[in-house]
Structures are given as C-alpha cells and as structure tokens.
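Worksheet: one structure, shown below.
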Amino acid sequence: MKAVAKAHTNIALIKYWGKRDEQLFLPMNNNLSITLDKFYTTTAVQFHEHLQEDHFILNGEYVDGDETAKITRFLDKIRSRAGKSLFAEVKSENQVPTAAGFASSASGFAALAAAATKAIGLDVDDRTLSQIARQGSGSACRSIYGGYVEWQKGEQSDGSDSYAKPILGEKDWDVSILSVMLVSKKKKVLSREGMKRTVETSPFYSGWLETVETDFLDAKEAISKRDFEALGSILEANALKMHATTLGANPPFMYWQSATIEVMELVQELRLAGIQAYFTIDAGPNVKVVCQPKDEQAVYEALKELSVVQDVLVCHPGPGISYLPSTAL
Ligand code: ADP
Ligand code: DP6
Numbered sequence: 215m216k217a218v219a220k221a222h223t224n225i226a227l228i229k230y231w232g233k234r235d236e237q238l239f240l241p242m243n244n245n246l247s248i249t250l251d252k253f254y255t256t257t258a259v260q261f262h263e264h265l266q267e268d269h270f271i272l273n274g275e276y277v278d279g280d281e282t283a284k285i286t287r288f289l290d291k292i293r294s295r296a297g298k299s300l301f302a303e304v305k306s307e308n309q310v311p312t313a314a315g316f317a318s319s320a321s322g323f324a325a326l327a328a329a330a331t332k333a334i335g336l337d338v339d340d341r342t343l344s345q346i347a348r349q350g351s352g353s354a355c356r357s358i359y360g361g362y363v364e365w366q367k368g369e370q371s372d373g374s375d376s377y378a379k380p381i382l383g384e385k386d387w388d389v390s391i392l393s394v395m396l397v398s399k400k401k402k403v404l405s406r407e408g409m410k411r412t413v414e415t416s417p418f419y420s421g422w423l424e425t426v427e428t429d430f431l432d433a434k435e436a437i438s439k440r441d442f443e444a445l446g447s448i449l450e451a452n453a454l455k456m457h458a459t460t461l462g463a464n465p466p467f468m469y470w471q472s473a474t475i476e477v478m479e480l481v482q483e484l485r486l487a488g489i490q491a492y493f494t495i496d497a498g499p500n501v502k503v504v505c506q507p508k509d510e511q512a513v514y515e516a517l518k519e520l521s522v523v524q525d526v527l528v529c530h531p532g533p534g535i536s537y538l539p540s541t542a543l
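With my numbering applied, the sequence shown closes on residue 543, and no number is skipped along the way.
Laid out in structure tokens, this is it:
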C-alpha cells in the first residue's frame, strides 16, 4: 500500500482570496492559474498496519504538531472515503521553498491527495481528485492539471460543483514566469489566516467581490485569444487589488517588503521601455514576473541587476500530476 506522486505548484493569475466555507474549502470567487514546470513536490504515502498515528517527514525531517495534525485531518477524509482506518507514513520533498509565497501548499496537497488515494486503493478521476486536494489547501485543486487552469467556485453547499478544470494545455501557449526570490523565510501570516481575517474585517473586501468576476472573465477571454497584453494588465491589477484588501483588515497586514516594491517598480519601468512584463504576488513578499518568451532574457537580466534579488528562476507552463514508481522516494 505505497504510492508516490508528483505535483507542480501553480501561480494564480486571478486570485483565490476568501472562503465561503472553511471546512470544505469553498472559495468566494472563481479564480485561475498557470501550473509551473520548475517547482514541484514529490510525496510518498505508505499505509501501515503497525502505526499508531500518521508520520510526516518533510524534506528529510520529521514534522510534529500542527503541521502533522493538518496531514492527519486530510488523510482522515481519504480514509473515511475508502472505509479504512490505517495510519500512514508520508514522506515529502518540496522542490519549492515552504510557506514563502511560492505555493508549496498547492503542490504539497495535490501530491498528497494523489499518492494517498492511490496507496489506499481508491480509484478516482481527476475531477474527484481535484475536489479531494481542495480540502487540503484550496489552491491545490488547480495543481491536478497542467497549463492554464480555472477553479470554478460552484454554488452547492456540499462543494460537489467546486473543482478545477483545464482551460489550455501547457504546450498550447508558452509564456515565461520569472520567480523572483527576495527572501525565503517563512511568512508571518499564512494565506489561510490572511484571507480569513480579510473576509471578516476588511471594508475593502466587498470591492474585491464586486470586481473579481469581471477580472476572471476578461482573463479567460485574453487566454482564449492569446492576447498577452490584455492578460498581463488584468493579472497585475488583480494582484494589486487582492493585496489592497489586506491593508483594510483588522489588524492590518501586508505581504510586501521594500524589496517587493523595488521589483514592482522595475517591472513598470520595463513596460515604459517597451517590454511587456507584468507582476503578480501571492501571500508573501516574493514576486513573479510574467512576460513573453521573446523578452525573457531582457527581463531576467534586468531583475538580476537589482541588489535585493537573491535569485531568479525562469518557469514556463508545466504539467499536471503524475505517478512515480514506488521506489522513487
Ligand atoms: P505557500 O506560499 O508555500 O503555499 P502557505 O502558507 O499557503 O505557503 O502554505 C504553507 C503550508 O503548506 C505549510 O505550512 C504546510 O501545511 C503545507 N505544505 C507545504 N509543503 C507541503 C508538503 N510537501 N506536503 C503537505 N503539506 C505541505
Ligand atoms: C494568495 O490555497 O494556500 O496564493 O485554502 O487556506 O490552504 P488555503 O489557502 P491557499 O491560498 C492561496 C492564496 C493565494 C491566491 C491563489 O493561489 O489563488
């Protein structure tokens, strides 16, 4: 009863920001992402007769406390679906910084969902897998698929119509996503807590909800037309709008640091110089810059010149989940 799965992270172009149901991870708004080729998680799950609890080993180290409790709560859902009660050893390797705004939770829970369902003997299709992954971390439901992916929020209170769907395959439209590492420390406000506080207290959250569906539909149209400029301006504005809601929260918080703003300014300067580049930022200080492959080198070089930039990793649209031999991890 062992299985190994690999899932790539994704970067939201239209953000998932706010839940209407915290237990089922149901989002307030439709959202949309690109799965990335360079960042991923590989996870092995093995159910054992002799274990008294779940064990979680992340990047070679045993993890205790809240992090393992999160894994157990997630595995409980899979155990109850399979009608089994065995505990598991979960071994996971993140090829992505953990909890630094690079979406380790997305690849982490997508890989865990795939490996655990297979190891326990459940035969699930991708849509069901997306619904299961969603209940570990919302954004994980998008990492089941490669390329451009939408997560339809759904209307049902049981979450049966809330899952991700592919829009365009990873080979159908190449764009460059430059992941700019400024700091790789864990953030202070995790996305889960940040979005909850914002929904509950920020007077700007209603503005987010009033406009995000238009952003989502415009982004989908830009993708279907391969209109890079239209997509770029929508994704940058949508990210700014999401971050603006955090400033109105009580207590207020922000994910940006001074280095974040330096990168944002550089991207806007590049545009003035005629290079189509746009930024987006998730729940952390690091920035992702989206541009066309023809401009990738120029954007890379400009970013590398900033002293606040530690590293830049150039990504392209990447694949959905895959299964590896059980000896792989
Ligand atoms: P990030 O920006 O990295 O996604 P989040 O705050 O959204 O940061 O999520 C970080 C959380 O994701 C971790 O605290 C942990 O619970 C979970 N996580 C990260 N990596 C894994 C993994 N490989 N397997 C399971 N869960 C993971
Ligand atoms: C800003 O999926 O990490 O990256 O569902 O509580 O686990 P939980 O949150 P998570 O939040 C992602 C927030 C975001 C935007 C996005 O990825 O769409």
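Each residue gets a CB set at the ideal place from its N, CA and C atoms; glycine is no exception.
Label residue i either buried or exposed according to how many other C-beta atoms from any shown protein chain fall within 10 Å of its C-beta, with 16 as the threshold for buried.
i: P465; result: exposed
i: G498; result: buried
i: A317; result: buried
i: K229; result: buried
i: G297; result: exposed
i: N273; result: exposed
i: R341; result: exposed
i: L454; result: exposed
By the three-class DSSP mapping on this structure, what secondary structure does residue i have?
i: H264; result: coil
i: H269; result: strand
i: I228; result: strand
i: H457; result: helix
i: D432; result: helix
i: Q482; result: helix
i: Y469; result: coil
i: W365; result: strand
i: S390; result: strand
Look up residue i in the DSSP assignment and give the residues it is bridged to.
i: E307; result: T256
i: F301; result: H262
i: M395; result: D525
i: L240; result: D235
i: L382; result: Y362
i: L538; result: V218
Hey, how far is the Cα of residue i from the Cα of residue j?
i: S371; j: A221; result: 28 Å
i: S438; j: L404; result: 33 Å
i: I361; j: L484; result: According to the sequence shown, residue 361 is Gly rather than Ile. The straight-line gap from Cα to Cα measures roughly 26 Å.
i: I271; j: G322; result: 12 Å
i: D278; j: I292; result: 21 Å
i: L343; j: L423; result: 27 Å
i: L480; j: D432; result: 26 Å
i: T256; j: S319; result: 12 Å
i: L445; j: V504; result: 10 Å
i: D290; j: F493; result: 38 Å
i: Q490; j: D386; result: 20 Å
i: F301; j: E263; result: 7 Å
i: L382; j: E369; result: 24 Å
Check the Cβ-Cβ distances between residue i and every residue of chain C, and say whether any is below 7 Å.
i: G421; result: Checking the listed chains, one finds no chain C in this structure; it contains a single protein chain.
Problem - Segment contact flag, the stretch 347-359 with the stretch 471-478, C-beta cutoff 8 Å, min 3 pairs - result: no
Problem - Inter-stretch contact at 8 Å, needing at least 3 Cβ pairs: the stretch 325-334 / the stretch 363-370 - result: no
Practice task
Mind the definition here: the stretch 405-415 touches the stretch 373-382 only if three or more C-beta pairs lie below 8 Å; say whether that holds.
Solution key: Proximity of the stretch 405-415 to the stretch 373-382 falls short of the contact definition, fewer than three beta-carbon pairs being nearer than 8 Å.
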